[in-house]
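These notes are about the structure you will find just below.
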Amino acid sequence: ANFHHCDVEAKENKGLWDWVHRQRHMYRRRQDGKRSSLTDERQQKLQDLGFIWNPLQALWERQFSNLIAYKAKHGHTNVPYPCNENPSLGNWVTAQRRKYRRFKKGEKS
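Right, dumping it as structure tokens:
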């Protein structure tokens, strides 16, 4: 199969997903100065391939880009919930608003 991305889901290929999860774990260990089987050479090879080290950060960036496009089209960022045009963007914006309200109250977001 040829997917043209490095964002593996368990349902696509469990064995590959496990391996990707392990690479991310070893990357975090390296970042924390702990022992890791991820060498500089392996890390660079994955980096050159476009490997996603932090999928949550990548999702945030992707949705932020979607929000920029939404603003360009509509002139505002008041994405409705639900948003028929882009349901995942509506969900994400709603979650960001909820996290912001918790932050303002001093709660963990």
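Sequential numbering from 1018 applies to the sequence shown in my numbering. Glycine residues also receive a C-beta, built at the ideal position from the N, C-alpha and C atoms.
Requested in this report: Would you kindly report the start and end of the unbroken alpha helix (DSSP H) that includes D1065?
Outcome: That run of the alpha helix (DSSP H) goes 1057–1066.
Query raised in the report: Any chance the region 1057–1064 sits against the region 1072–1086, with 3 or more Cβ pairs inside 8 angstroms?
Result: Taking a cut-off of 8 angstroms on C-beta distances, the region 1057–1064 does not touch the region 1072–1086, as fewer than three cross pairs fall below it.
Query - Whole-angstrom distance between V1037 and W1070, CA atom to CA atom - result: Computed Cα separation, rounded: 9 angstroms.
Requested in this report: For H1042, name the three-state secondary structure that DSSP assigns.
Outcome: Helix, per DSSP.
**Report entry** First through last residue of the alpha helix (DSSP H) which encompasses V1025
**Finding:** It is not in any alpha helix (DSSP H) - V1025 carries neither H nor E in the DSSP assignment.
Report task. For Y1098, collect the residues of the same chain with a Cβ closer than 8 angstroms to its Cβ; drop the 5 residues on either side in sequence, then sort them by chain order. Result -> Hits under 8 angstroms: G1107, N1108, V1110, T1111.
**Report entry** Test item: CB-CB of R1047 and S1054 under 7 angstroms
**Finding:** Cβ distance not < 7 angstroms, so R1047 and S1054 don't count as in contact.
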